[in-house]
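In my numbering, the protein residues as written are 2 to 116.
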């Protein structure tokens with residue numbers, strides 16, 4: 002199950018090269034609230050993004066993720082068409098390191114690559 006709400010799917014076509022997609026990881030609004038992606042009072046200090054092909058779970062990060070960056074709890078992943086793995090469904094895994102040193106992992110399961 003995906004850790005992101007909504008129904009949007011990222012679609013990558015053969016002509017796509019370094020297309021930025023941004024993902025926000027908002028903190029909870031209080032110590033008792035469960036309305037954010039990360040704990041109250043924390044922020045994302047670093048993030049890594051990996052890509053995998055669904056079904057086989059083959060790591061295609063070097064083919065699909067050109068780069069990623071983090072600014073103000075928003076992670077931007079620059080994606081491209083995976084020339085070797087080609088069409089199919091993929092998922093992204095975000096590993097966040099918080100300013101407390103804790104790590105959290107999130108999955109985005111809706112990446113479709115078209116030929």
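Built from N, CA and C at the ideal position, the CB exists for glycine as well.
Terminal residues of the beta strand (DSSP E) in which residue i lies
i, result
"residue 62", "That residue, residue 62, is in no beta strand (DSSP E); its alpha helix (DSSP H) goes 62-65."
"residue 108", "104-114"
"residue 52", "45-54"
"residue 79", "75-80"
Own chain, CB closer than 8 Å to residue i, minus 5 neighbours either side, in chain order
i, result
"residue 31", "41"
"residue 69", "48, 49, 50, 76, 77, 78, 79"
Pairwise C-alpha distance: residue j and residue i
i, j, result
"residue 80", "residue 33", "36 Å"
"residue 103", "residue 75", "17 Å"
"residue 57", "residue 23", "26 Å"
"residue 26", "residue 64", "25 Å"
Spatial neighbours of residue i in its chain, beta-carbon cut-off 6 Å, leaving aside the 5 residues before and after
i, result
"residue 94", "51, 108"
One or two residues paired with residue i in a DSSP bridge
i, result
"residue 25", "75"
"residue 89", "114"
From the options, residue whose alpha carbon lies closest to that of residue i
i, options, result
"residue 101", "39, 35, 86", "39"
"residue 53", "12, 10, 91", "91"
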